[in-house]
Structure formats: C-alpha cells, structure tokens
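Data first, discussion second: the structure below is written as structure tokens.
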Amino acid sequence: MAGETGSGAPRELLLVVAVAGAGLMLAVVAAFGPWSPTSHHAAPAGLVEMHSPTGPAAGPPAS
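Have a look at this one:
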C-alpha cells in the first residue's frame, strides 16, 4: 500500500490542465464569437441620426 501513495498525481495534474484548457477555450469563444444571432450574414450597420436641439442655445444658468 505504501508504494501506491502519490501514484495518481500525474493523472490528477493532467486532469487539472485539461479542465483549465477547456475553460480557456470557452473564454476565447465567448470573447471573440458573435454576440447577436444572425442567419449566416452580417447584420447591416444602422445609421445614427444626429439632431441639433431646437430653440435658443442653452448656456450656463444666470446667477
């Protein structure tokens, strides 16, 4: 029984490294994957309309 002490260490270390590698791969997929579901096409970029405020120019309040 004394000879079996520590014999599972390399297997346990390999399991830890494999789980860490799988977690890293999931993190890479989450970071660089698409965030919105599309049907094999890139979503068209929407235009942003800029509007100036109407009325008198707003300045600092009079004291």
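The letter at position 12 of the sequence shown is residue -8 when you use our numbering, and the numbering goes up by one with no holes. Cβ atoms here follow ideal geometry from the backbone N, Cα and C, with glycine treated the same way. Here the structure is a predicted model, which is why all the values come from computation and not from measurement.
Rounding to the nearest angstrom, what Cα-Cα distance links residue i and residue j in this structure?
| i | j | result |
| --- | --- | --- |
| residue -2 | residue 32 | 56 Å |
| residue 1 | residue 9 | 12 Å |
| residue 27 | residue -11 | 58 Å |
Got a sec, what are the start and stop residues for the alpha helix (DSSP H) residue i sits in?
| i | result |
| --- | --- |
| residue -6 | -11 to 12 |
Spatial neighbours of residue i within its chain, please: C-beta separation below 6 Å, excluding the five flanking residues on both sides.
| i | result |
| --- | --- |
| residue 44 | With the chain covering -19 to 43 only, the question about residue 44 has no answer from this structure. |
Please list, in chain order, all residues of the same chain as residue i whose beta carbon is under 7 Å from its beta carbon, the five residues on each side excluded.
| i | result |
| --- | --- |
| residue -4 | none |
| residue -19 | At residue -19 the pLDDT is 47, less than 50, meaning the model places this residue with poor confidence; the figure from the coordinates comes in the next sentence. Contacts found: none. |
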